[in-house]
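Engineer: Residue numbers (the numbering used here): 49 to 207. Positions of the beta carbon are idealized from the N, C-alpha and C atoms, including for glycine. Owing to the predicted nature of the structure, the values given are computational and were not obtained by experimental measurement.
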Amino acid sequence: MKQKDLSLPTGCTLRKATSADIWSIRWLVLSAKLDPTQIRWQQFWVIQCNGQIVACGQLRNFSGAQELGSLVVASAWRGRGLGSFLTQHLIHSATQPLYLECLGQQLAEFYNRFGFVPVCFRDLAPSIQAKFRLSEFARKLRIVPVVFMHYQDSVFPSS
């Protein structure tokens, strides 16, 4: 599925994160109630608007796969296309088969627009399975509505 080219609002720029961004990234991740334990600023891209970091996302590297993770847009900046812009950028930056996990069907529908499709846990790359094992356990117990997804429009072969 092809997405139209998006642009950032006036006053906003996309850039690689720097070490000075770590607290802004942590705040965004924690405000979205995402797992803050795997924050490595070197893997992040940020969107800065009017001097403030308002969105972030990262590509985590695993053996033979990558994970699109920690994608957050500050609540005051939602609905302006920042999440879509950042998602497209991270997809185009990926160098290996790309996966993600999301909570709930609404988020899964968002990522589906970019070419991600739901996959069973057993169809994930082995290195990604190791990372998502706890989420799979919680999904089976119906504690959290986790959806695992794989980027299918990718030029990379499926695992």
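1) Just how far apart, CA to CA, sit Val77 and Trp93?
2) Quick check on this structure: which residue in Cys60, Tyr199 and Ser132 has the alpha carbon closest to the alpha carbon of Gln144?
3) Which same chain residues end up closer than 6 Å to Phe164 when comparing Cβ atoms and leaving out the 5 residues on each side of it in sequence?
4) With which residues is Ile101 paired in a DSSP beta bridge?
5) Please list the terminal residues of the continuous alpha helix (DSSP H) segment that includes Leu134.
6) For Val192, which of helix, strand or coil comes out of DSSP?
7) Taking the alpha-carbon positions, what's the Ala103 to Gly117 distance?
8) Kindly confirm or deny that the stretch 80 to 89 and the stretch 113 to 129 touch, where touching means at least three C-beta pairs closer than 8 Å.
Structural biologist: Quick answer:
1) Translated into positions along the sequence shown, residue 77 becomes position 29. Translated into positions along the sequence shown, residue 93 becomes position 45. About 13 Å.
2) As a working note, residue 144 is residue 96 in the sequence shown. For the residues Cys60, Tyr199 and Ser132, the minimum Cα distance to Gln144 belongs to Tyr199.
3) Counting from one through the sequence shown, the residue named residue 164 turns up at place 116. For Phe164, where only same-chain residues beyond five positions count, the Cβ hits under 6 Å are Met197 and Tyr199.
4) Taking the sequence shown and counting its residues from 1, one reaches residue 101 at position 53. DSSP, once it has assigned bridges, lists Gln96 as partnering Ile101.
5) The residue you call residue 134 lines up with position 86 of the sequence shown. Counting along the chain, the alpha helix (DSSP H) containing Leu134 begins and ends at Leu130 to Ser141.
6) Counting from 1 along the sequence shown, the entry for residue 192 is found at position 144. Coil at Val192, not helix or strand.
7) Reading the sequence shown from its first residue, position 55 is the one you call residue 103. Reading the sequence shown from its first residue, position 69 is the one you call residue 117. The straight-line gap from Cα to Cα measures roughly 12 Å.
8) Yes: at least three Cβ pairs fall under 8 Å.
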